[in-house]
Amino acid sequence: MTSHAPPGYECPFCRYVGGGEDDWVRQSHVVERTASTWTFVSPTWWANNPGHVLVVPVDHVENLYAMPDRLGGPLLGATRRAALALKAAYGCPGTSLRQHNEPAGNQDVWHYHVHVFPRYDREELYGAPSRRAEWAEMDRYAERLRPAYAQLGSGEPTAVS
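Below you can see the structure in the form of structure tokens.
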């Protein structure tokens, strides 16, 4: 399998999973950690649909093609919990998933990740302009999601403070 990461690539998602922070993501944006997955508030928000989360495997896996079968179940479970938490916390009538593979598939971070979006009637997520969220917005979004995760009572996750 060919890697599309540029030479010397330092994976930001691996840095976050390892406890690091940068100008894009803080540890306070994490809403769920499990032995296999990590879910956090995305720093990119769309005009008519503010906020969504990213679900990533703890292990560095570049894309879907490199995904070992053993991670499929935990990732799907974390994605499902993210969708349920978004519905509970934000009252959205639906959710959408987005996942990209390789440059032609619009992948721009070389670590597998699934975008989980809350969806609302007539918000026109696809095609709307995006912006970088402020940290305070991301913190508030995460704070509102955490109680919804606690209500799910899933087996594998550990609490995020």
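Residue numbering for the sequence shown follows the working numbering, starting at 1080 and increasing by one per position. Cβ coordinates follow ideal geometry from the N, Cα and C atoms, glycine included. As the structure is a computational prediction, the values presented were derived from the model and not from experiment.
Between Lys1166 and Gly1173, what straight-line distance do the alpha-carbon atoms span, to the nearest angstrom? As a position in the sequence shown, residue 1166 is number 87, starting the count at 1. As a position in the sequence shown, residue 1173 is number 94, starting the count at 1. When rounded, the separation of the alpha-carbon atoms in Lys1166 and Gly1173 is 7 Å.
Segments assigned alpha helix (DSSP H), at least 4 residues, entirely inside the stretch 1136 to 1192: 1148 to 1169
Based on the DSSP output, what are the partners of Ser1209 in its beta bridges? Walking along the sequence shown from the start, residue 1209 turns up at place 130. According to DSSP, Ser1209 bridges with Trp1125.
Classify Asn1128: buried if its beta carbon has 16 or more other beta carbons within 10 angstroms, exposed otherwise. Counting from one through the sequence shown, the residue named residue 1128 turns up at place 49. When all chains shown are included, Asn1128 counts as buried.
Tell me where the alpha helix (DSSP H) around Val1096 begins and ends. To locate residue 1096, count along the sequence shown from 1; it is residue 17. Run containing Val1096: Pro1091 to Val1096, per the alpha helix (DSSP H) assignment.
Less than 8 Å between the beta carbons of Ala1161 and Val1195, yes or no? The count along the sequence shown starts at 1 and reaches residue 1161 at position 82. The count along the sequence shown starts at 1 and reaches residue 1195 at position 116. For Ala1161 and Val1195, yes; Cβs fall inside 8 Å.
Over the uninterrupted beta strand (DSSP E) stretch that includes Glu1222, give me the two end residues. Position 143 of the sequence shown, counting from 1, holds the residue named residue 1222. Per DSSP, Glu1222 belongs to no beta strand (DSSP E); it is in the alpha helix (DSSP H), Trp1214 to Leu1231.
Count the other C-beta atoms from every protein chain shown that fall within 10 angstroms of the C-beta of Gly1130, then say buried if there are 16 or more, exposed otherwise. Residue mapping note: residue 1130 aligns to position 51 of the sequence shown, counting from 1. Buried.
Look up Arg1198 in the DSSP assignment and give the residues it is bridged to. Here residue 1198 refers to the residue found at position 119 when the sequence shown is read from its first residue. Arg1198 pairs with Gly1173.
Whole-number beta carbon distance between Trp1117 and Val1132, since they are thought to touch under 8 Å: Position 53 of the sequence shown, counted from the start, is the residue given in the question as residue 1132. Position 38 of the sequence shown, counted from the start, is the residue given in the question as residue 1117. Not confirmed; about 10 Å, so no contact.
For Pro1086, tell me which candidate among Thr1113, Cys1093, Glu1111 and Trp1189 has the shortest Cα-Cα distance. For the purposes of this step, residue 1086 is taken as the residue at position 7 of the sequence shown. The candidate whose alpha carbon is nearest that of Pro1086 is Trp1189.
Give the C-beta separation of Asp1187 and His1108 to the nearest angstrom, bearing in mind that I take them to be a contact with Cβ-Cβ under 8 Å. Your numbering for residue 1187 matches position 108 in the sequence shown. Your numbering for residue 1108 matches position 29 in the sequence shown. Contact doesn't hold; Cβ gap of about 19 Å is too wide.
Alpha carbon to alpha carbon, what distance is there between Ala1084 and Tyr1220? As a working mapping, residue 1220 is identified with position 141 in the sequence shown. As a working mapping, residue 1084 is identified with position 5 in the sequence shown. The alpha-carbon atoms of Tyr1220 and Ala1084 are separated by roughly 30 Å.
Ala1227 and Ala1145: beta carbons closer than 8 Å? Here residue 1227 refers to the residue found at position 148 of the sequence shown. Here residue 1145 refers to the residue found at position 66 of the sequence shown. Not in contact: Ala1227 and Ala1145 (Cβ atoms no closer than 8 Å).
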